[in-house]
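Residue numbers (the working numbering): 260 to 412. Contents: one structure, followed by commentary.
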Ligand SMILES: CC(C)(COP(=O)(O)OP(=O)(O)OC[C@H]1O[C@@H](n2cnc3c(N)ncnc32)[C@H](O)[C@@H]1OP(=O)(O)O)[C@@H](O)C(=O)NCCC(=O)NCCS
């Protein structure tokens, strides 16, 4: 495990974009132009990672090569009365999945937040991502809120 370096960012943006596009509800995908959407998303992805207080950990092999990442940090003053940490995103490259790497990344994020004086963690996950939901439930996260949506006719 290591801190993210400048040369990891292109890979991280690509992974974030892949997950975020999968998260878009089908009703929105049919009316979204993918390349325009990607342009929009990259605009919001950069501050998500680089905002002060954000921390990106990289899971790597013996050669320090990238296997996955977790983006974590405090939710920020003003968002909650108690100090809350977030898992903003997590990703493991396909060829390294199902080896416990994401589980380890969640633990590293939790330990980092604990060291920042944070004692509660939250995250958002798409309802159409059962693998991630399983990961988080096994790590002890419980459902708190459901985001709902519909088209207006
Ligand atoms: C979700 C993701 C990070 C899991 O990474 P991983 O390294 O394969 O996960 P782990 O091996 O650490 O597995 C931890 C737990 O996750 C769940 N899990 C992982 N792969 C799973 C699968 N294919 N099916 C069902 N559950 C799965 C299980 O609960 C697993 O615990 P177990 O091994 O005791 O059954 C990975 O699939 C991924 O990068 N997906 C795309 C990005 C994404 O969806 N990120 C979530 C954003 S909210």
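Here a beta-carbon is modelled for each residue, glycine too, at the ideal position from N, C-alpha and C. Owing to the predicted nature of the structure, the values given are computational and were not obtained by experimental measurement.
Quick check on this structure: which residue in the options has the alpha carbon closest to the alpha carbon of residue i?
i: residue 356; options: 302, 404 and 394; result: 394
i: residue 364; options: 377, 379, 348 and 264; result: 348
i: residue 342; options: 379, 270, 384 and 286; result: 379
i: residue 294; options: 285, 313 and 276; result: 276
i: residue 308; options: 385, 272 and 361; result: 272
i: residue 285; options: 385, 319 and 366; result: 385
i: residue 350; options: 331, 410 and 291; result: 331
i: residue 353; options: 274, 264 and 340; result: 274
i: residue 441; options: 270, 400 and 327; result: Beyond the ends of the chain as shown, which are 260 and 412, falls residue 441; an answer cannot be given.
i: residue 301; options: 319, 360, 268 and 383; result: 268
i: residue 381; options: 338, 410 and 411; result: 338
i: residue 282; options: 370, 392 and 336; result: 392
i: residue 261; options: 279, 388, 340 and 321; result: 321
i: residue 404; options: 397, 383 and 280; result: 383
i: residue 377; options: 387, 336 and 410; result: 336
Count the other CB atoms within 10 Å of the CB of residue i; is the residue buried (16 or more) or exposed (fewer)?
i: residue 334; result: buried
i: residue 407; result: exposed
i: residue 329; result: buried
i: residue 303; result: exposed
i: residue 290; result: exposed
i: residue 316; result: buried
i: residue 312; result: exposed
i: residue 314; result: buried
i: residue 325; result: buried
i: residue 359; result: exposed
i: residue 327; result: buried
In this structure, what does DSSP give as the bridge partners for residue i?
i: residue 318; result: 327
i: residue 351; result: 327
i: residue 275; result: Answer by DSSP bridge pairing: none, since residue 275 is not bridged.
i: residue 341; result: Note: residue 341 sits in no beta bridge, so no partner.
Counting only runs of 4+ residues fully inside the stretch 279-314, write out the alpha helix (DSSP H) ranges in chain order. 285-288 and 293-309
Kindly provide the chain-ordered list of residues whose Cβ lies closer than 6 Å to any non-hydrogen atom of ligand 1. 278, 348, 349, 350, 351, 356, 357, 358, 359, 360, 361, 362, 384, 388, 390, 391, 393, 394 and 397
Which ranges would you report for the beta strand (DSSP E) in the stretch 366-404 if only whole runs of at least 3 residues count? 379-382
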